[in-house]
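Using my numbering, the first residue of the sequence shown is number 2, and each one after it goes up by one.
Built from N, CA and C at the ideal position, the CB exists for glycine as well.
So the structure is just underneath, and the comments pick up after that.
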Amino acid sequence: MKALVGLQSVLLRSGVSIARRSLLPVLSRNAVRYVSSEIQQKDKQAGESNTATDTGVIHKSEQETLIYFDNVYPRATSVWNPALWYNLLLRNQSRESVREKIKNFASPPDNQIPGLQLRSTIPVKRDGGVFATFLVPFNHTKAEVNNMIQKNTTQESSKSLFSYFTRATAFPVKGSPWIEDLRRLPNTTVIVKSQGPPLTEEEIYSLFRRYGTIVDIYPPSDQSKYYKIRYRSYRGAICAKNCVSGIEIHNTVLHLQYETIVKSHLISNFYVNHTRIAIPITLALLSILAVLIFDPIREFFIEQKITHQYQFSWDNRYFKEIKKLTSSTMSSFKNYWGYDDNNISKKHLWEERIEKMDDLKMWLEENNNTFVLIRGPRGSGKHELVMQHTLHKRDNVLYIDCDKLIKSRTDSKFLRNAASQLGYFPIFPWVDSVTSVVDLTVQGLTGQKSGLSETKESQFRNMLTTSLMAVRRIALKNYRATLTEGDGDINIKEEDYLQQHPEAKPVIVIDRFEGKADINSFVYKELADWAAMLVQMNIAHVIFLTETVAANQRLSESLPNQVFKTMILSDASKTNSRNYVLSELVEHLNASKKRAQAERAKDKNDANDETDEKSKFDEHDPRSVLTDKQIEEIEEALEPLGGRMLDLQAFVRRVKFGEEPKEALDKMVEQSSEQITQIFLSDKIEPLKSAQAWELIDLLSENDQVYFHDIVFRPLFKAAPESGILELENNGLISVSRDRGVPREIRPFKPLYRAAFKYLIKDKDLRTILMTRYHLRIINFETGRIKKWEEELRALGKVNDQKLFRSRLDYLSKKISTSSEVIDKCEGEIKKLSDDSKKK
C-alpha cells in the first residue's frame, strides 16, 4: 500500500490530470477499476457506503466480469411500447425473479458453465437492463466466459413465445459504467464526448456497430463539438451507452450520454401559429361531438318531458293504471274528508265553458292544421280550461310558460329556465362564460372573432330545433307498427298516418303569449316561428293562451296564410258566478259537518246513531246549510265582483276563513284600490300617464263603459290617444274592445276595478289628494305646452314683417289663451279642494 501511495504522489507531481487519475486502477487484491482514489479514500474516512446504488460506480475485482443484460425491465421511452405493457403485466419484476432469470440466461440448465457464480445484479430500470457481476471460473478466461454467456443468452431468450418483444441480449462492459438516475430518458441518438485526442469516424463505427444498426454518425461541427451516433433502435443506443461509456482508447476516454429529447408540441404550435385554421376546425369537431353525443340524450329527455313515461309522477302512464285500480278506495277516502274530483271539476267548469271545451276537443280531433288562439283577460280561466279540463287525459302535452322566460334577468338564468320548460338536458350555461373569454382572446390575437361564443337567441333556437325532432319522433312513434300490422302491399305515408291519427300528435300549449316585452322579447318570435313549423309539418297541435290582441300580429307574421281558430273567453255570467260561489261554500260547510259527525260517531262508538240520521242534509242544496239572509248577503257581495275567476276564488277563500261576505268584499276593494294607486297614480309614474289614468278612473266610476271617440278629443289624450289607451290596457288598468282593429269601448280591466274606482272617488280625503295631484299634473302639462309655443313666438317676433305670420301668431295666441284658462281652472279647483279640506 505504501508503494501505491508513493506511485500516486509521483503522478501528482508529474502533473497528470485529475480526470486521467480517476481512470487508473487501484492495484490491490480486490482492485476497483475506474474509481477515483481520492473519492474512495474520502468515503472510507467518512464511513460512508460506496456501493453502486449510492455512488453510481460498480465495483468488481480482477477475477470478476461485468455483463450488461438488455430488455429485462420495461424501458421508459414511451407508454405505447407493447413490450412495456407485456413486461409490466405478464412478467415478475421482483429481485429474486430477476436474479433467477439472469442465471438462466448466462448458464441455462441444459448448457451450464461449470463454476460460474452470479455475484451481484444492479438494475437500471430506466434503460430496461441489468448489470450482472460474475465470478470467472479458474479453468476459463474472461473472454471465454463472456462469449459463452452471450451465446447462452441469445439461445435462451429466443425460446419464449413472445421472443420478438422479450428477447434479451448480453454484452460485456468494456468501459466504466455510470449508474445514474438523472432525468435523461433513453434516445436513439447518443452523444460521444472524448477526453483526449479525437477518434476517427472509422474507429467510432468499429466500436459502436456491434450494439445495433447505426443510421448515421454526425461528426463534430460548429454547433456541436462531439460525435453523435444515431441508432435505428433504442436497444442499440442503450447497450452502447452502458457498455462503452468510460472506455479508454489511444489515451482518449469516451463519455456517452443520451441526446436530450426535444418534443415538439404539435398541438400547441398548431393553435398558436395557425389560429385562423385551428379555431374553425375545433368548432367543427365540437359541433360534431355535440350532435353525435348530446343531441340524442337531449331528445330523449324532451320526450320524457312530454310523455312522462319514466318520470315518478301521477302523469306517468304506469301510475295512471295503478290509480285506476285503486280508484274505489281513493274515492271513498276522499269522500270521507269531503273531497271528490268529479264534484270539483263540475263546480269549476261553468256552463258556458263546457261548450268551449267541447269546441276545443273537436278542433283537436279535426286534425286540420290545429293552430288555436285562446284569448281572455287575466283570471278568466284559460289555463284551467285547457290543462285541467280539456287535456288532462292526454299523455303527450308540453306546457311552456312564456312568463318564466321573459322575466329571466341573466343569460344563464334564461337558458336554465328555457331548458326546464322544454326538458332540454344536459345544458352547460358556464360554457358561455368560458367561450366569451376565449372569443375575446382570439379577437385580440387575430383581430377576428372566433365565433365560439353563441348568443342566447341562437342557443334558444337550437333548443327549439332539438325539441322539434323530439316532437316528430313522438308523433311517429307507432308509425312503423301500423305498417307492420297492415297489408304488405299498402304503404301509408307519414303525412297520411298523422292525418288519420290526430291523437298521436303531441299538444304544445304556450301560455302567456303577449307579443312584446322589455327584455327577451325575441322569445315570442322564436316560439311563433317554431309553432308555425310544427303546424306546417303537421306533427303537433299548438294552442296559444294570451290576454291581449297584440299576439295576433306576431302570429300572423309567422303564419301569414294560416287561418287561426280563435276562442275568446269572457267573465262568467251572474247566474253561474252565484252558483259557483255557493257550491264552493256549501261544499266547505258540508265537509265540516261530515267531520263533526264522524267525530261524534267515534266518541259514541256508534256510526249509525239516530241523532246522526236526523242530522243528514242535502249536499247540493245551498239552503240546507245557508240561511236566506246569508245567501242574500253573498249575492249582494257578488254584484261588484262580476264573473272574474280569480276574484271569485279569492272571495271564497276569505269567506271560508271566517270573514263575512260584505267584509270580504270591502277588503278586496280596498286592496285593489291600493294596487291601482301604487301602480298608476304614484309620484314615480310619468305625470301625463298618471293624469290619463286618473281621468279614466273618474269616468269609469260613473259609467260601465266609455267610448273611445269620447276620449280622443280630451286634452290629455289628444296628442296620441290610441297609444295612451293601449299602454294602460297592457298595464292592466282597463280592457278595450275593438271593432275591426279600432278601439271601441273602454271598460275596467276587471269588474272589481269599477268598485275600486268608486272607492277612490268616494273617499273624500283620498280624493282630495288624488284630485290635487291630478290638477297639478295638468298644470305641468299645460305649462310645458305654453313654453313650447312661447319659444315659437319668440322666434317669430324677430321677423320684421309680422303680417307674413299673422295667422300663425293668432293660432299660437289662442292656444296659449286656452291652456292658460285650463291652468286657471285647475288652480281654482285646487284652491277649492284646499278650502273644503280646511273646513273639515
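Local Cβ density within 10 Å of residue i, reported as buried at 16 or more and exposed below that
i           : result
residue 242 : buried
residue 431 : exposed
residue 72  : buried
residue 822 : exposed
residue 102 : buried
residue 266 : exposed
residue 742 : exposed
residue 435 : exposed
residue 544 : buried
residue 662 : buried
residue 693 : buried
residue 110 : exposed
residue 827 : buried
residue 441 : exposed
residue 359 : exposed
residue 411 : exposed
residue 128 : buried
residue 869 : The structure shown has nothing for residue 869, since the chain only spans 2 to 841.
residue 381 : buried
residue 803 : exposed
residue 778 : buried
residue 157 : buried
Of the listed residues the options, nearest to residue i (C-alpha basis)
i           : options            : result
residue 377 : 663, 416, 515      : 515
residue 149 : 123, 126, 674, 117 : 117
residue 151 : 70, 175, 357       : 70
residue 192 : 723, 704, 600, 256 : 256
residue 552 : 805, 513, 311      : 513
residue 370 : 496, 725, 125      : 496
residue 813 : 797, 653, 802      : 797
residue 122 : 674, 185, 98       : 98
residue 464 : 510, 531, 481, 483 : 531
residue 791 : 802, 810, 779      : 810
residue 542 : 802, 626, 277, 398 : 398
residue 679 : 761, 461, 173      : 761
residue 758 : 703, 782, 632      : 703
residue 155 : 168, 468, 145      : 168
residue 180 : 247, 233, 120, 714 : 247
residue 172 : 288, 139, 237, 215 : 237
residue 641 : 363, 578, 528, 690 : 578
Same chain only: Cβ atoms within 7 Å of residue i, ignoring 5 sequence neighbours per side
i           : result
residue 834 : 769, 772, 773
residue 540 : 472, 473, 476, 499, 506
residue 535 : 469, 472, 509, 541, 543
Cβ-based neighbour list, residue i, same chain, cut-off 6 Å, excluding 5 preceding and 5 following
i           : result
residue 22  : Its pLDDT being 33, under 50, residue 22 is placed unreliably by the model, and the measurement read from it follows with that caveat. Closer than 6 Å at the Cβ level, and outside the excluded window around residue 22, lies no residue.
residue 310 : none
residue 252 : 197
Contacting residues, own chain, Cβ-Cβ under 8 Å from residue i (five flanking each side not counted)
i           : result
residue 830 : 772, 776
residue 52  : 60
residue 638 : 652, 662, 663, 665, 666
Any chain C beta carbon closer than 7 Å to residue i
i          : result
residue 57 : Among the chains in the structure shown there is no chain C, since it carries only a single protein chain.
The ligand MN heavy atom lying under 6 Å from the CB of residue i
i           : result
residue 115 : This structure does not include the ligand MN; it has no bound ligands of any sort.
Report yes or no: do the region 270 to 288 and the region 201 to 215 share at least 3 C-beta pairs separated by less than 8 Å? no
Does the region 807 to 817 come within contact of the region 785 to 792, defined as at least 3 CB pairs closer than 8 Å? yes
Decide yes or no for the touch test of the region 281 to 295 against the region 222 to 240: beta carbon pairs closer than 8 Å, at least 3 of them. no
Contained alpha helix (DSSP H) runs [length at least 4] in the region 533 to 585, N- to C-terminal order: 551 to 559
To test your reading of the DSSP string, which unbroken beta strand (DSSP E) runs of 3 or more residues are found completely within the region 98 to 150? 118 to 125, 130 to 136
For the structure I just gave you, are there three or more beta carbon pairs, one from the region 365 to 384 and one from the region 564 to 582, closer than 8 Å? yes
Please confirm if the region 547 to 561 is in contact with the region 582 to 599, defined as three or more CB-CB distances below 8 Å between the two stretches. no
Within the region 373 to 410, ranges of the alpha helix (DSSP H) (whole runs, at least 4 residues): 403 to 407
Is it true that the region 418 to 425 meets the region 397 to 409, where meeting means three or more beta-carbon pairs spaced less than 8 Å apart? yes
Go through the region 212 to 284 residue by residue and report every complete run of the beta strand (DSSP E) that reaches 3 residues or more, in order. 215 to 219, 228 to 232, 253 to 259
So does the region 729 to 741 actually touch the region 684 to 701, counting three or more Cβ pairs closer than 8 Å? yes
Determine, using beta-carbon pairs with one atom in the region 638 to 658 and one in the region 666 to 676, whether at least three such pairs fall under 8 Å. yes
Contact between the region 60 to 70 and the region 129 to 145 (3+ Cβ pairs under 8 Å): yes
Take every Cβ of the region 182 to 190, pair it with every Cβ of the region 205 to 212, and state whether three or more of those distances are shorter than 8 Å. no
Jot down the residue ranges of each uninterrupted alpha helix (DSSP H) in the region 636 to 691, minimum 4 residues, whole runs only, in chain order. 646 to 657, 662 to 681
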